[in-house]
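Peer 1:
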Amino acid sequence: MGVISCMSVKEIRNGVFSIDIGLGKRGERIQRRVKCVSMLDALSIETGIRKQMGLAANNPFTVSAVSEKYILWMDLHQSPKTAKDKKRMLMAQILPFFGSMMPDRIEPQTIETYKAKRLAIKKIHRAVNLELLCLSSMLKWGHEQGLCNEPTRKFSGLPYKRKVPHAPTAEEINIIIDNAIAPFHKSLFLALWHAGLRSDEARTLRWSDTNIHAGGPLVVNGKGEKQRIVPMTTRLADALKAHHADQLSKKEEGEPDPIYVWGNIKSFKTAFNAAKRRAKITSRITPHCFRHSFASHNLEAGTDLKSLQDMMGHEDIGTTQVYLSTTFQMHKKQLNKTFGE
């Protein structure tokens, strides 16, 4: 960590810090020299002196101060949706509670108090866990940037059991794709299923990431700016070629070739729901359900869990394992159909 300084605390020489606090009374000041391992320890001493004197804390390394720099970093380095979701959590819940605290002074009991406060409003275990994950990620980033010490203990989340995702059958998906009118939407819906794309990943997929004429693979820019490689099926490659040819045929003379595969994706849900209506499907199937089917159908076909984790872009294999429940339920139904209840 590099040397950090603020107006009232300065490092004079290695391990020796000067604390200089103005009292605002005829130029009176409190001046001390202390030996500390780091600037952050010296700042803690300065905060203690201010507290004893009944003065306001003057510490630039509170959770709130770290968040200001973190938000600027997020805007540059994370997807707009991720940045938006984290800002909402920070502004609405995290900063009102933790904002004035020193990051490495957040105790386990403080976390438990936060959980109790949030749960008193509504039983929202998953939301609270996401908020604590956001706080933890931000403070880890702050530590890496030399803005604060990392909390001494991990923030434990609330017990939460993931719901088993709904995975439409291949028959349901195919009939929806068949009822999509344009090559644009046919290729898009197929990519959600055959490549397991998230909606945001589809929005940012470039033609240069597809290599359609060589049959793939797809280079997908996933969550947290992490890239993953997904092999491309022949059917998906053919659908993308048809969509690309359709795009080029509609291009004005002199206009550059399109960069993004699905550049105008605003009509995504409207077109999907229209295809569902034409297919006479009334069950609750969303575009994201196609990604669930990508996982479940792969497991049913014998794909190993680690390979599926890589193709889905899951950081934690536990997220991938939830699809085992879906596959198990399908197998159970098939056995009951074969042998009876």
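Going left to right, the sequence shown walks through residues 28 to 368 as our numbering numbers them.
Positions of the beta carbon are idealized from the N, C-alpha and C atoms, including for glycine.
(1) List the whole-angstrom C-beta distance separating L185 from K149, where the pair is believed to meet the contact cut-off of C-beta under 8 Å.
(2) Is the beta carbon of I46 sitting closer than 8 Å to the one on V61?
(3) For P135, count neighbouring C-beta atoms within 10 Å of its own C-beta (all shown protein chains included) and say buried if the count is 16 or more, exposed if not.
(4) Suppose you measure from the CA of G81 to the CA of H170; what does that come to, to the nearest Å?
(5) Assuming A306 and N206 are in contact, meaning their beta carbons sit under 8 Å apart, how far apart are those beta carbons, in whole angstroms?
(6) When you compare only the Cα positions, how much space is there between S323 and A264?
(7) Which whole-angstrom value is the C-beta distance of V349 and P192, which I expect to be below 8 Å?
(8) Could you spell out where the alpha helix (DSSP H) holding S94 opens and where it closes?
(9) Among M116, A197, L146, which one has its Cα closest to the Cα of A328?
(10) For the candidate residues S235, H221, S71, whose alpha-carbon lies nearest to that of R318?
(11) According to DSSP, is G242 helix, strand or coil?
(12) Check whether the Cβ atoms of G223 and V246 lie closer than 8 Å to each other.
(13) Can you find the residues in the same chain that come closer than 7 Å, C-beta to C-beta, to V43, ignoring five residues on each side of it along the sequence?
(14) Can you give me the start and stop residues for the alpha helix (DSSP H) that G294 sits inside?
(15) Starting from D47, trace the beta strand (DSSP E) in both directions and tell me its first and last residue.
(16) Between the Cα of D273 and the Cα atoms of N238, A229, H212, T313, which residue gives the shortest distance?
(17) Could you please give the first and the last residue of the uninterrupted beta strand (DSSP E) stretch that includes I256?
(18) Would you mind sorting N325 into buried or exposed? The rule is 16 or more other CB atoms within 10 Å of its CB.
(19) According to DSSP, is Y287 helix, strand or coil?
(20) Kindly list the residues whose CB is nearer than 8 Å to the CB of H240, restricted to its own chain and excluding five residues on each side of it in sequence; keep chain order.
Peer 2: In short, the structure shows the following:
(1) Not confirmed; about 12 Å, so no contact.
(2) Cβ atoms of I46 and V61: closer than 8 Å.
(3) exposed
(4) 29 Å
(5) 4 Å
(6) 21 Å
(7) 7 Å
(8) 90–104
(9) A197
(10) H221
(11) coil
(12) no
(13) R60, K62
(14) Reading off the sequence shown, one finds Ser at residue 294, where the question assumed Gly. Note, S294: premise wrong, no alpha helix (DSSP H); not H, not E.
(15) 43–49
(16) H212
(17) 254–257
(18) buried
(19) strand
(20) K268
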